[in-house]
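A short worksheet on the structure shown next.
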Amino acid sequence: MTEPVRRIIHIDMDAFYASVEQRDAPELRGRPVAVGRSQERGVVAAASYEARKFGVRSAMPSLVAQRKCPELIFVPPRFEVYRAVSAQIHAVFARYTPLIQPLSLDEAYLDVTDPLLPRPSATAIAQEIRAAIHAETGLTASAGVSYNKFLAKLASDYRKPNGQFVIPPGAGETFVADLPVSSFHGIGPATAARMNALGIYTGADLRTQSLDILTRHFGKAATFYYGIARGEDPRPVEPHRPRKSIGKETTYERDLRREEELYPALTTLAQSVWHACTKRHASGRTVTLKLRYVNFQQLTRSHSFTDPVPSAIALEETGHFLLRPLLPLPRPVRLLGITVSSLTSTDEPPATEQLSLLSQF
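According to our numbering, the residues represented by the sequence shown are 1 to 361, in order.
In structure tokens form, the structure reads like this:
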């Protein structure tokens, strides 16, 4: 018996944190707003669409954001409010399906192949969900509808903000053909740069590569890349999928050769990882530094604490502590990464400033 075509919706709230702040403070509406701390070592957690017009983005250092937009208004995060609003949104999802995979407070996949409420299409369900979210929270959401997760995610980006787009069965391969691979969820800047160096710029270019060639260059990820170039993605929607770690690594187009290059690069990674931890209301007890030299020799160094890492600064300091014994460099570095594991949920928002953890070393 043939399996039914899956009906997948990706819901993404529009500038969620910033929109909540503008909703609750009318004087902020229509003005460039950043959720985060404005001090020297602060990081933007979210930016309103007005701020994005100036190039302000999440995970951007606050000082950089202020230079881009001198009129930027910083608002301290209120995570208890965001969690409450997120619960309202997820209650809307649950009216239609139990198959909900949250990606963060403001983003989720829904499998509505067999919905709880009879509706003519996934498109109709997505429209109802967006309307209910707006009616019950005063916020807007964008939706992508398709037959797999990869395409639904692409579709939700296609009509943001406050829009909806459908990629129907059979249309995925054509839809991705002209898109740059840098826009594909699952292909980061470093991988996109490597693909570009191989002459792969679009989905159509990616589709011309054999699985063997992709495996040679991209290892285990090759199967995923081979599939998405054809509009294929068999991954199921996984409710309550536990996350084991949160991390980020970057392969640099120009090798890092000096200590004064490594520390700022590691600081940027730590801030990005902490932003992801904050968004997911998680922290962890173990910090791992990953370093790969130009000869592809790879080193990892880890340290575990009794309690979860409490702040961005503590994560940054831990990364620096793990890096220090590896200096001076025996050879240039092409990849740097930092990961937080042994995750726990944070009942309270993580602090932005706390005492150094270095006393625990």
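Glycine included, C-beta positions come from ideal geometry on N, C-alpha and C.
Restricted to the stretch 211-270, the alpha helix (DSSP H) segments that are unbroken, complete and at least 4 residues in length are 211-218, 222-228, listed in chain order.
Going by beta carbons, K160 and S182 fall outside the 9 Å limit.
Burial state of N295 is exposed, judged by a 10 Å Cβ sphere holding fewer than 16 other Cβ atoms.
When beta bridges are read from the DSSP output, S341 appears opposite S245, T286. The beta carbons of P32 and A15 sit no closer together than 9 Å.
Counting along the chain, V145 sits inside the beta strand (DSSP E) bounded by residues 141-146. Within the DSSP secondary-structure output, T97 pairs in no beta bridge.
By the Cβ rule, the stretch 316-324 counts as touching the stretch 280-297, because three or more pairs are nearer than 8 Å. Restricting attention to beta strand (DSSP E) runs no shorter than 3 residues, the stretch 292-347 encloses them at 298-304, 333-345, ordered along the chain. Looking at the backbone, the Cα of Y96 and that of I125 are separated by about 8 Å. Between the beta-carbon of V145 and that of A171 there is about 12 Å, and that puts the pair past the 8 Å contact cut.
For H10, the uninterrupted beta strand (DSSP E) segment begins and ends at 8-13. In the same chain as P102, and ignoring 5 residues on each side of it, the C-beta atoms closer than 6 Å to its own belong to A108, in chain order. Under a 10 Å Cβ-count criterion, H10 is classified as buried, with 16 or more other Cβ atoms of the shown protein chains found around its own Cβ. Annotation: the continuous alpha helix (DSSP H) that includes A190 extends over 189-197.
Within the same chain, I8, I9, H10, Y109, G144, V145, S146, I167 come within 8 Å of A152 by CB-CB distance, once the 5 residues on both sides are set aside. Shown here, A45 sits in a strand according to DSSP, grouped into three states.
Counting only runs of at least 3 residues, the stretch 62-118 fully encloses the following beta strand (DSSP E) elements, listed from N- to C-terminal order: 73-75, 100-104, 107-111. In this structure, the beta-carbon distance from T250 to P332 does not fall below 9 Å. Proximity of the stretch 332-345 to the stretch 273-283 meets the contact definition, three or more beta-carbon pairs being nearer than 8 Å. With fewer than 16 other Cβ atoms inside 10 Å of its own Cβ, S304 counts as exposed.
DSSP, reduced to helix, strand and coil, places T208 outside both helices and strands of the structure shown, so it counts as coil.
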